[in-house]
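> Numbering (the working numbering), first residue to last: -1 to 311.
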Ligand SMILES: [Ca+2]
Ligand SMILES: [Ca+2]
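#1: Quick one, what's near ligand 2 if you take every residue whose CB is closer than 6 Å to any heavy atom, in chain order?
#2: Residue 184 by DSSP, collapsed to three states: which one?
#3: Using the beta-carbon count (16 or more within 10 Å), is residue 177 buried or exposed?
#4: Is residue 67 a contact residue of ligand 1, with contact defined as CB to any heavy atom under 6 Å?
#5: Residue 118: buried (16+ other C-beta within 10 angstroms of its C-beta) or exposed?
#6: In this structure, how does DSSP classify residue 235 when only helix, strand and coil are distinguished?
#7: With three or more beta-carbon pairs closer than 8 Å as the criterion, would you say the region 202 to 210 touches the region 142 to 156?
#8: Give the single residue among 291, 109, 183, 158 whose Cα lies nearest to the Cα of residue 242.
#9: Nearest-angstrom Cα distance between residue 182 and residue 308?
#10: Whole angstroms is fine: what's the gap from residue 73's alpha carbon to residue 188's?
#11: If you follow the beta strand (DSSP E) that residue 98 is in, where does it begin and where does it stop?
#12: Just checking residue 160 against ligand 1 - is the residue's beta carbon closer than 6 Å to any of the ligand's heavy atoms?
#13: Under 8 Å Cβ to Cβ from residue 57, same chain only, skipping five residues before and after it: list those, please.
#14: Can you list, in chain order, the residues of its chain with a C-beta nearer than 7 Å to that of residue 108? Leave out the 5 residues immediately preceding and following it.
#15: Out of curiosity, what's the CA-to-CA distance linking residue 132 and residue 251?
#16: Looking at ligand 1, does it come within less than 6 Å of residue 111, judged from the CB to the closest heavy atom?
#17: Quick one: is the Cβ of residue 214 within less than 6 Å of any heavy atom of ligand 1?
#18: Does the beta-carbon of residue 64, which I'm using as the reference point, lie nearer than 6 Å to any heavy atom of ligand 1?
#19: Measuring from the CB of residue 182, is there a heavy atom of ligand 1 at a distance below 6 Å?
#20: For residue 104, which residues of its own chain have a beta-carbon under 7 Å away from its beta-carbon, when the five flanking residues on both sides are left out?
#21: Can you name the residues that DSSP bridges to residue 250?
#22: With a threshold of 6 Å (Cβ to nearest heavy atom), would residue 115 be considered close to ligand 1?
#23: According to DSSP, simplified to helix, strand and coil, what is residue 83?
#24: Is the beta carbon of residue 261 sitting closer than 7 Å to the one on residue 294?
#25: Would you mind listing the beta strand (DSSP E) stretches within the region 284 to 308 that are 3+ residues and don't spill past its ends, in chain order?
#26: Using a Cβ-Cβ cut-off of 6 Å (strictly less than) and excluding sequence neighbours within five positions of residue 279, which residues of its own chain qualify?
#27: Can you list, in chain order, the residues of its chain whose CB lies under 6 Å from that of residue 298, leaving out five sequence neighbours each side?
#28: For the candidate residues 160, 153, 283, whose alpha-carbon lies nearest to that of residue 140?
#29: Which word fits residue 301, buried or exposed, when buried means at least 16 other C-beta atoms lie within 10 angstroms of its C-beta?
#30: Spatial neighbours of residue 79 within its chain, please: C-beta separation below 6 Å, excluding the five flanking residues on both sides.
#31: Are the Cβ atoms of residue 198 and residue 158 separated by less than 7 Å?
Encoded structure:
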């Protein structure tokens, strides 16, 4: 499409005409094809959409947070025992499948969040647990509110976490009195390939001496956290030497806490070695043909965090 100027009256700064817009200032007159402007507009709209989508996506995934506060118990009319199927997301190990749900009542303990909370044991010593989908999580923050039921001492609760198919691991004992709700926070790592996380709450002791009378629980929150993989941190600790190398290449990541993999690629991009590594490894590179190779460090989720190269003489 050709672009052509149209005559425009003076003192009219912006004139739409047919398929063109003419902009005028004191010295210049500029003509723009409406079609080109429309294409620009569509591109800008697309860019804005991508930006907004990315922003929302990042907020959803990275800051993803789940709350389990016993607010959606089915048909709750009073404090009492409810079948676990009436308490969404929650399960009990009790043989009668009962969960003791409390709600705000005058002169009784009030929920720390919303209107409802639970006592850990209904009529027998058991545990309450939730299973959370942690696919693609690196780690999570677990927080919960705990309170003793009675004055005159402390209730103690133990919390266990882990893959539901494995033996759960204790992350601590939590001790509270009845003067207020106490909020506890823990960071929990997710194992590679772990898709579900079970979080289990068990009564250890109560002021009453009866395990079925004590240990109030409310406001359980789970927030997805990112691992602290920063390029700068990795760069300072990821060393490959000697360079050039003849026989043995040392890969040193100086990090015993995390599991990594290294991939070595030749100049054609073919992976010639793929190996898990923690802290330090010696790679026998003598069989490799002479040339330049790249070494990529991947974290436990398979994400490349650093790449360097070496020359095999
Ligand atoms: Ca609640
Ligand atoms: Ca009870």
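All C-beta atoms in this analysis are idealised placements derived from N, C-alpha and C, irrespective of residue type, glycine included.
Reading off the structure:
#1: In chain order, the qualifying residues are 98, 117, 119, 120, 210, 211.
#2: Strand.
#3: When all chains shown are included, residue 177 counts as exposed.
#4: For ligand 1, at least one heavy atom lies less than 6 Å from the Cβ of residue 67.
#5: In the assembly as shown, residue 118 is a buried residue. Its beta-carbon has 16 or more other beta-carbons within 10 Å.
#6: In this structure, residue 235 counts as helix in the three-state DSSP scheme.
#7: At 8 Å Cβ cutoff, the stretches touch.
#8: Checked all of 291, 109, 183, 158; the closest Cα to residue 242 is 291.
#9: Taking the straight line joining both Cα atoms gives about 48 Å.
#10: So the alpha carbons of these two residues sit roughly 35 Å apart.
#11: That run of the beta strand (DSSP E) goes 96 to 101.
#12: Answer for residue 160: no, Cβ out of range of ligand 1.
#13: Residue confidence for residue 57 is low, a pLDDT of 31 falling below 50, so the modelled location carries little weight; the figure read from the coordinates is stated next. Sequence-distant partners of residue 57 (beyond 5 residues in either direction) whose C-beta falls short of 8 Å from its own C-beta are missing from its chain.
#14: Answer for residue 108: 102, listed in chain order.
#15: Looking at the backbone, the Cα of residue 132 and that of residue 251 are separated by about 27 Å.
#16: True, at least one ligand heavy atom lies under 6 Å from that Cβ.
#17: No, Cβ of residue 214 sits at least 6 Å from all heavy atoms of ligand 1.
#18: No.
#19: At a threshold of 6 Å, residue 182 does not count as near ligand 1, since its beta carbon sits no closer than that to any of the ligand's heavy atoms.
#20: Cβ within range, chain order: n/a, list empty.
#21: Paired residue(s): 237, 278.
#22: Yes, ligand 1 has a heavy atom inside 6 Å of this Cβ.
#23: Reduced to three states, the DSSP call for residue 83 is helix.
#24: Contact: yes.
#25: Annotation: the region 284 to 308 contains the following complete segments of the beta strand (DSSP E) (minimum length 3 residues), in chain order: 289 to 296.
#26: Within the same chain, Cβ atoms closer than 6 Å to the Cβ of residue 279 are found at 249, the five residues on either side in sequence being excluded.
#27: Listed in chain order, the non-local C-beta contacts of residue 298 below 6 Å within the same chain comprise 190, 257, local neighbours out to five positions each way being set aside.
#28: Selected option, being the one with the closest Cα: 160.
#29: The Cβ neighbour count for residue 301, taken over all protein chains shown within 10 Å, is under 16; the residue is labelled exposed.
#30: The answer, listed in chain order, is 96, 98, 120.
#31: Closer than 7 Å, so yes.
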